[in-house]
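Below: one structure, written as C-alpha cells.
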Amino acid sequence: MTAQVFDDRPCFLGEGAFWHPERAQLFWFDILAGRLLSRVGKKPLEWQIGQMASAAAWVDAETLVLSTETGLRRFDIATGAHEPLVGIEADRSETRCNDGRADPMGGVWVSSMGKHAEAKAGAIYRYYGGAVELLFPEITIPNSICFAPDGRRAYFADTAEGRIMTVSLDADGWPDAAPDVFVDLTAQGLNPDGAQTDCEGALWSAQWGAGRVARYMPDGRFDRAIALAGRHCSCPAFGGPTFETLFVTTAREGMETPDAGQGVIYQAPAGVAGRAEPALRL
Numbered sequence: 031m032t033a034q035v036f037d038d039r040p041c042f043l044g045e046g047a048f049w050h051p052e053r054a055q056l057f058w059f060d061i062l063a064g065r066l067l068s069r070v071g072k073k074p075l076e077w078q079i080g081q082m083a084s085a086a087a088w089v090d091a092e093t094l095v096l097s098t099e100t101g102l103r104r105f106d107i108a109t110g111a112h113e114p115l116v117g118i119e120a121d122r123s124e125t126r127c128n129d130g131r132a133d134p135m136g137g138v139w140v141s142s143m144g145k146h147a148e149a150k151a152g153a154i155y156r157y158y159g160g161a162v163e164l165l166f167p168e169i170t171i172p173n174s175i176c177f178a179p180d181g182r183r184a185y186f187a188d189t190a191e192g193r194i195m196t197v198s199l200d201a202d203g204w205p206d207a208a209p210d211v212f213v214d215l216t217a218q219g220l221n222p223d224g225a226q227t228d229c230e231g232a233l234w235s236a237q238w239g240a241g242r243v244a245r246y247m248p249d250g251r252f253d254r255a256i257a258l259a260g261r262h263c264s265c266p267a268f269g270g271p272t273f274e275t276l277f278v279t280t281a282r283e284g285m286e287t288p289d290a291g292q293g294v295i296y297q298a299p300a301g302v303a304g305r306a307e308p309a310l311r312l
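Below, the structure written as C-alpha cells:
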C-alpha cells in the first residue's frame with residue numbers, strides 16, 4: 031500500500047483528521063497554529079480559529095463543533111464564525127486540547143494535555159446531553175480516542191506510556207468497567223498517537239516517530255502497516271466515496287530541519303472500508 035501526499039501545506043502539529051460524510055470533505059488541524067484546514071477539489075481552504083484547536087465533530091452539513099484550548103465551540107463552515115458551546119479547562123492556561131472524536135451514541139470525547147507535556151496534566155472528557163463529564167484524569171498525552179462499530183467499546187491511549195487501552199461502554203456510551211490494555215507497544219518502542227477503527231472493528235494506530243499507521247485486529251493482534259514519508263504520524267481518518275481511503279496527518283514538531291514530506295497530510299488505500307463519522311447531537 032503506497033501513501034501519497036493529499037495536501038502539501040506544512041503543519042507544525044497536524045492533527046484531528048476527519049471526513050464529513052454529508053459534505054464528502056476532509057478537515058484537519060494545525061493545533062499550535064490554531065488553523066482548521068480543508069480542501070474542495072483542488073481549492074485549499076483554511077480558517078484561523080484564534081486559539082489552539084485540535085479535533086472536530088459534525089452536527090449537520092453546515093456546522094461543526096471544534097475542540098479548542100478553552101472548550102467546545104460551534105463553528106459555521108460557510109462563514110468561519112464560531113462561538114462557545116461549553117467550556118473545558120477554560121481557566122487552565124497551562125493546558126491545551128489534543129485528541130478527540132464523536133462517539134456512536136451522539137456524544138463526543140475530547141482530551142486535554144499540558145502545553146509542555148507535563149506528566150499527568152491531561153484528561154479525557156465526554157460531552158453528551160448538553161453537559162461535560164470527566165472520564166479519565168491524570169493522563170500525560172491522551173490520544174487514540176475511537177470506538178468499536180457497535181459503540182459498546184472505546185479506545186484511548188497515553189502516548190507517553192506506550193499502551194492503547196480499551197473500555198466497555200453501556201447503552202448510553204458511558205464507561206461501565208475499568209480500562210484494560212488492548213495493545214502494549216512499549217517493547218517495540220512505539221508511540222501510539224491518533225487512532226480510528228474500520229468496519230471490521232480493527233484499530234488503525236498512527237505511531238508518532240515511526241512513519242507508519244498500523245492495523246490491529248479486535249483481539250489486539252498486529253495485522254499490517256502502511257508506511258509514510260512523514261515520520262511523526264498523528265491522526266488517521268477514513269474517507270472517500272467508499273470510505274476505503276485512509277488519510278493521515280503528520281507533524282514537524284521536534285524536527286530541526288524537516289523535509290517537504292513532514293507535516294503534510296497523506297492518503298493511501300486501506301484495503302478495507304472504514305465508516306462515516308457519527309453526528310454529534312446537541
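Just so you know, we're using the numbering used here here: the sequence shown kicks off at 31 and counts up by one.
We treat Cβ as the ideally placed atom computed from N, Cα and C, and that holds for glycine.
Start-to-end residues for the beta strand (DSSP E) that takes in residue i
| i | result |
| --- | --- |
| residue 86 | 83-88 |
| residue 68 | 65-70 |
| residue 204 | Where residue 204 is concerned, there is no enclosing beta strand (DSSP E), given that its DSSP letter is neither H nor E. |
| residue 254 | 252-257 |
| residue 40 | Run containing residue 40: none; DSSP gives neither H nor E here. |
| residue 277 | 275-281 |
| residue 224 | 221-227 |
| residue 308 | No beta strand (DSSP E) holds residue 308; DSSP gives it neither H nor E. |
| residue 163 | 161-169 |
Residue i (DSSP reduced to helix, strand or coil)
| i | result |
| --- | --- |
| residue 292 | coil |
| residue 191 | helix |
| residue 216 | helix |
| residue 143 | strand |
| residue 127 | strand |
| residue 302 | coil |
| residue 62 | coil |
| residue 73 | strand |
| residue 268 | strand |
| residue 115 | strand |
| residue 45 | strand |
| residue 101 | strand |
Beta-carbon proximity of residue i to residue j, cut-off 8 Å
| i | j | result |
| --- | --- | --- |
| residue 274 | residue 300 | yes |
| residue 69 | residue 106 | no |
| residue 225 | residue 174 | yes |
Integer-rounded CB distance, given that residue j should sit under 8 Å from residue i
| i | j | result |
| --- | --- | --- |
| residue 266 | residue 236 | 5 Å |
| residue 203 | residue 137 | 6 Å |
| residue 307 | residue 51 | 6 Å |
Closer than 7 Å: residue i CB and nearest the ligand SAH heavy atom
| i | result |
| --- | --- |
| residue 128 | Of ligands this structure carries none, so the ligand SAH is not represented either. |
Beta-ladder partner(s) of residue i, from DSSP
| i | result |
| --- | --- |
| residue 196 | 185, 210 |
| residue 245 | 234, 254 |
| residue 176 | 185 |
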